[in-house]
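S.K.:
In UniProt numbering, the protein residues as written are 1 to 169.
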């Protein structure tokens with residue numbers, strides 16, 4: 001099962017870095033290095049500042065995925081004139097047996113996804129000042145506690161309107 005989790009984490013890492021490269025979120029000179037995964041060219045940002053930002057996110061992704069809690073990841077890139085979103089859905093069940101054939105089949109699918117990303121991304125490049133955000137959608141198994149209640153309106157405004165909240169001088 002660790003092979004399966006590592007495969008998904010590796011794909012996610014490749015996709016995030018390649019998206020940042022394609023859309024030129026960071027300067028390209030000496031920031032990215034070209035590598036090969038599953039027969040496809042991918043790019044990895046070697047900046048320690050970017051790594052400090054991405055590593056905790058990738059750690060959370062691995063943890064959520066290993067526990068079956070990760071539903072999707074959305075990467076949103078913003079430019080003053082345009083916004084581009086990528087969303088990756090995760091399977092809610094994983095194969096019981098992770099054989100070489102299963103991994104090879106998934107690696108081929110990942111390679112195809114990377115090729116598509118490279119072609120589509122180059123057509124919609126965001127040259128100039130861009131920012132990005134990464135959203136993780138997880139399964140929430142927490143039940144609502146009895147003392148919690150849904151409130152209509154703004155509780156702070158209602159508190160200010162109550163007679164006890166008024167201060168007399």
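Just so you know, even glycine gets a beta-carbon here, dropped at the ideal spot from N, CA and C.
#1: Express the C-alpha separation of residue 83 and residue 62 in angstroms, rounding to a whole number.
#2: List the endpoints of the continuous alpha helix (DSSP H) containing residue 231.
#3: For residue 12 versus residue 58, is the C-beta spacing smaller than 9 Å?
#4: Suppose you measure from the CA of residue 21 to the CA of residue 69; what does that come to, to the nearest Å?
#5: Per DSSP, what kind of secondary structure is residue 26 in: helix, strand or coil?
#6: Whole angstroms are fine: how far does the CA of residue 35 sit from the CA of residue 44?
#7: Would you say residue 17 and residue 42 are within 9 Å of each other, going by their C-beta atoms?
#8: If contacts are defined as beta-carbon pairs under 8 Å, then residue 32 and residue 46 qualify, I think. What distance do you get, rounded to the angstrom?
#9: Please classify residue 49 as buried or exposed, where buried requires at least 16 other C-beta atoms within 10 Å of its C-beta.
#10: Which one of 7, 85, 79 and 86 has the shortest CA to CA distance from residue 25?
#11: Compare the Cα-Cα distances from residue 9 to each of 75, 60, 39 and 19 and report the closest residue.
#12: In whole angstroms, give me the CA-to-CA distance for residue 71 and residue 5.
#13: I'd like to check one pair, residue 15 with residue 75: are the Cβ atoms closer than 9 Å?
#14: So, at 8 Å on beta carbons, what are the nonlocal neighbours of residue 51 in its own chain, with the 5 sequence-adjacent residues on each side left out?
M.R.: On the basis of the supplied data:
#1: Within the chain shown, numbered from 1, the residue matching residue 62 stands at position 62. Within the chain shown, numbered from 1, the residue matching residue 83 stands at position 83. Cα to Cα, residue 62 sits roughly 27 Å from residue 83.
#2: Here the chain covers residues 1 to 169 and nothing more, so residue 231 does not appear.
#3: Translated into the one-based positions of the chain shown, residue 12 becomes position 12. Translated into the one-based positions of the chain shown, residue 58 becomes position 58. A contact, by the Cβ cut-off of 9 Å.
#4: Along the chain shown, read from residue 1 onward, the residue named residue 21 stands at position 21. Along the chain shown, read from residue 1 onward, the residue named residue 69 stands at position 69. Those two C-alpha atoms are separated by around 28 Å.
#5: Locating residue 26 in the chain shown gives position 26, where the first residue counts as 1. Coil, per DSSP.
#6: Stepping through the chain shown from its first residue, residue 44 is reached at position 44. Stepping through the chain shown from its first residue, residue 35 is reached at position 35. C-alpha separation (whole angstroms): 7 Å.
#7: Position 17 of the chain shown, counting from 1, holds the residue named residue 17. Position 42 of the chain shown, counting from 1, holds the residue named residue 42. Contact: yes.
#8: Taking the first residue of the chain shown as position 1, residue 32 is located at position 32. Taking the first residue of the chain shown as position 1, residue 46 is located at position 46. Residue 32 to residue 46, Cβ: 7 Å. Contact.
#9: The sequence position of residue 49 within the chain shown is 49, counting from 1. The residue is exposed, with fewer than 16 neighbouring Cβ atoms inside 10 Å.
#10: Taking the chain shown and counting its residues from 1, the one referred to as residue 25 is at position 25. It is 79 whose Cα lies nearest to the Cα of residue 25.
#11: Position 9 of the chain shown, counting from 1, holds the residue named residue 9. Minimum Cα distance to residue 9 is reached at 60.
#12: For the purposes of this step, residue 71 is identified with residue 71 of the chain shown, where counting begins at 1. For the purposes of this step, residue 5 is identified with residue 5 of the chain shown, where counting begins at 1. Spanning the two alpha carbons is a distance of roughly 14 Å.
#13: If you number the chain shown from 1, residue 75 lands on position 75. If you number the chain shown from 1, residue 15 lands on position 15. In contact: residue 75 and residue 15 (Cβ atoms closer than 9 Å).
#14: Indexing the chain shown from 1 puts residue 51 at position 51. Cβ neighbours of residue 51 beyond the five flanking positions: 45.
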